[in-house]
Amino acid sequence: MTKSNDIYGGVWVFGDYRNYFENRVTLQLIAKARSLAEKMGCETGVAVLGDDVTQFAMEYVAHGADIVLVGEHPGLKDYRVDAYTDILSEWVQFFKPTVFLAGATTFGKEFFPRLAKRLNTGLSADCVALEIDESSGLLVQTTPAWGGELLADIVTVERRPQMATVHPGVFSERPHDHAATGRIIYPEISRVAEARVEIIRSRRQKPGEMKLEDSPVVVAGGMGLRSRENFQKLSELAELLGAEVGATRPAVLAGWAEQDRMLGQTGKTVKPKLLITVGTSGALQYVTGIQGAETIVAINRDPDARIFSIADVGIVGDAGELVQRLIDSLKKRKER
Amino acid sequence: MKFTESKISAHHNYVVNAMITPGFALGDPESPHRFFFLADPVLPGEKTHRVHGRLFESSGEKSVEITWNRVGDNPGGCRYELVDGGFTLTHPDGRMFLEVSTHEFTNGYITYVRGLVFDEHGIPRMKPEGKGVRVFGKARLVLDLPFPFTGQRRSERFL
Numbered sequence: 000m001t002k003s004n005d006i007y008g009g010v011w012v013f014g015d016y017r018n019y020f021e022n023r024v025t026l027q028l029i030a031k032a033r034s035l036a037e038k039m040g041c042e043t044g045v046a047v048l049g050d051d052v053t054q055f056a057m058e059y060v061a062h063g064a065d066i067v068l069v070g071e072h073p074g075l076k077d078y079r080v081d082a083y084t085d086i087l088s089e090w091v092q093f094f095k096p097t098v099f100l101a102g103a104t105t106f107g108k109e110f111f112p113r114l115a116k117r118l119n120t121g122l123s124a125d126c127v128a129l130e131i132d133e134s135s136g137l138l139v140q141t142t143p144a145w146g147g148e149l150l151a152d153i154v155t156v157e158r159r160p161q162m163a164t165v166h167p168g169v170f171s172e173r174p175h176d177h178a179a180t181g182r183i184i185y186p187e188i189s190r191v192a193e194a195r196v197e198i199i200r201s202r203r204q205k206p207g208e209m210k211l212e213d214s215p216v217v218v219a220g221g222m223g224l225r226s227r228e229n230f231q232k233l234s235e236l237a238e239l240l241g242a243e244v245g246a247t248r249p250a251v252l253a254g255w256a257e258q259d260r261m262l263g264q265t266g267k268t269v270k271p272k273l274l275i276t277v278g279t280s281g282a283l284q285y286v287t288g289i290q291g292a293e294t295i296v297a298i299n300r301d302p303d304a305r306i307f308s309i310a311d312v313g314i315v316g317d318a319g320e321l322v323q324r325l326i327d328s329l330k331k332r333k334e335r
Numbered sequence: 000m001k002f003t004e005s006k007i008s009a010h011h012n013y014v015v016n017a018m019i020t021p022g023f024a025l026g027d028p029e030s031p032h033r034f035f036f037l038a039d040p041v042l043p044g045e046k047t048h049r050v051h052g053r054l055f056e057s058s059g060e061k062s063v064e065i066t067w068n069r070v071g072d073n074p075g076g077c078r079y080e081l082v083d084g085g086f087t088l089t090h091p092d093g094r095m096f097l098e099v100s101t102h103e104f105t106n107g108y109i110t111y112v113r114g115l116v117f118d119e120h121g122i123p124r125m126k127p128e129g130k131g132v133r134v135f136g137k138a139r140l141v142l143d144l145p146f147p148f149t150g151q152r153r154s155e156r157f158l
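This is the structure in structure tokens:
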């Protein structure tokens, strides 16, 4: 379809540049937005707010954005849900994007529902797929429903924009193109709402705490480990392997792992070279988040567990015991 | 809602009129005698600005010529100094005339130009504003390809 070359309409992505070089979800969404925009015959836009965001605007163009809308103001230096909602709702009502996407990060999950409410439109949260329905031209937003038991296809028939948040890692980013050019729009910011929250100090997580999606090796555990103590052995195993630890949703709900370690439809999607999954049954909603792994090694005491159907290597045995034996073996190897 | 629009390069941009742009030109870069200032686009693979110009004092007297970031004819006796990422020009009495510096990001570059620059009529054409400059008079605020010099100017400047 021929592109309209118009700054109005279009498929927009919210430019979330915090922890930029670890958090790649905006770049992944730009790639997806571009493919959607090509089908819809419109432009790919990125809306970015902050105090000094030029380098991110350039990055977004390098990764496929046709247009970057920039709002720079000292009052936007720190993320503030009220100010961001005010400004972006004005922009959306003026430029009228057809689709608006954001990463399903803690940030996106807080901010995008407010924006959707302000715009009186729908929002599909935690989407795992997005496609254009050829007959209607509507955005089909696929998202887990009923606690992840099934996937629902949702369309926003009347309201605009069609809004969705998407898990990091669901889509792949385009390569960085130094020769790319685009357009940059600076909408006038009439006012920035006075801050109701004062940010006294911010601290970035240690790099090792946040690279689950990018780690080439992931060790993931589920309820088959049977205790928090056994689950904690995964951290030791991961350290020996240079891996990151993931968890199933039940393991997170049991308090064995932090929320940001959760894999699957309602958690993160990983594509490591090696995934060792321990004491996990192989529920569909978990498998969705790990099936992109190159090699899957599964450990489970039940020889009929569904996880073995997607595993390259299956080991039947007590998960806690086998993890301890793996740790001992790796330690001995390191001592040699 | 009011808005301003510019082009943007993924590789390198200058800051002018509170926007970024791959390149901009003031005056007529082809003219052999009159004022001009050219911030030429920096191509992928290159790491620094491309600045050319013929700059004048507020009195209208010619001060200095700049070619490829270097000082050429310098009747005003300006002092040229290389600094981290660029260069500065100062008047003989120590007043800052022009600062040009390129900053490197992880994946790109941005050049800040700051200065108080006049044309041959003593009319200000460029004043500092924020991290960049505000420009006045005849200007092309968006150059996405290197300036297309022709004829004599091209041979003088680039061969």
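Residue numbers (numbering that gives the first Met the number 0), protein chains in the order written: chain A, 0 to 335; chain B, 0 to 158. Glycine is no exception: its CB is placed at the ideal position from the N, C-alpha and C atoms. Since this is a predicted model, take the numbers as computed values, not measurements.
Contact between Asp15(A) and Phe106(A) holds: their C-beta atoms lie close to 6 Å from each other, under 8 Å.
Assignment of Trp67(B) by DSSP, reduced to helix, strand and coil, places it in the coil class. Below the 9 Å Cβ cutoff, chain B contributes no neighbours of Glu130(A), its closest Cβ being approximately 28 Å away. By the criterion of a C-beta distance shorter than 6 Å, Gly70(A) is surrounded in its chain by Leu48, Ile86, Ile188, once the five residues flanking it on both sides are discounted.
Out of His177(A), Val296(A), Thr180(A), Gln161(A), the CA that lies nearest to the CA of Gly220(A) is found in Val296(A).
The CB of His175(A) comes closer than 8 Å to the CB of Ala9, Asn106 in chain B, given here in chain order. Only residues of its own chain outside the window of five on either side were considered, and among them His62, Gly63, Phe170, Ser171, Glu172, Arg173 have a CB closer than 8 Å to the CB of Ala30(A), listed in chain order. Ser134(A) is classed as exposed because its beta carbon has fewer than 16 other beta carbons within 10 Å across all chains shown. Note: His10(B) is not bridge-paired with any residue in the DSSP secondary-structure output.
Residues of the same chain with a CB within less than 6 Å of the CB of Leu239(A), apart from the 5 flanking positions on each side, are Leu329 in chain order. Using beta-carbon distances, Phe99(A) does not count as an interface residue toward chain B, since no partner is under 7 Å. Here Leu239(A) carries a helix assignment [DSSP, helix/strand/coil]. Leaving aside the five residues that flank Met261(A) on each side, the residues in its chain whose CB is nearer than 7 Å to its CB run, in chain order, Ala246, Arg248, Val251, Lys267. With respect to the 7 Å criterion, Thr141(A) and Asp152(A) are classified as neighbours on the basis of their beta carbons. Of all residues in the region 134-150 of chain B, only Asp143 come within less than 7 Å of chain A when Cβ atoms are compared, listed by chain position.
Within the same chain, Glu60, Lys61, Ser62, Val63 come within 8 Å of Pro74(B) by CB-CB distance, once the 5 residues on both sides are set aside. Residues of chain A whose Cβ lies closer than 9 Å to the Cβ of Thr110(B) do not exist; the shortest such Cβ separation is about 11 Å. Nearest Cα to Arg33(A) within the set His72(A), Val10(A), Asn22(A): Val10(A). Of all residues in the region 9-41 of chain B, those with a C-beta nearer than 9 Å to a C-beta of chain A are Ala9, His10, His11, Asn12, Val14, Ala17, Met18, Ile19, Thr20, Pro21, reading in chain order.
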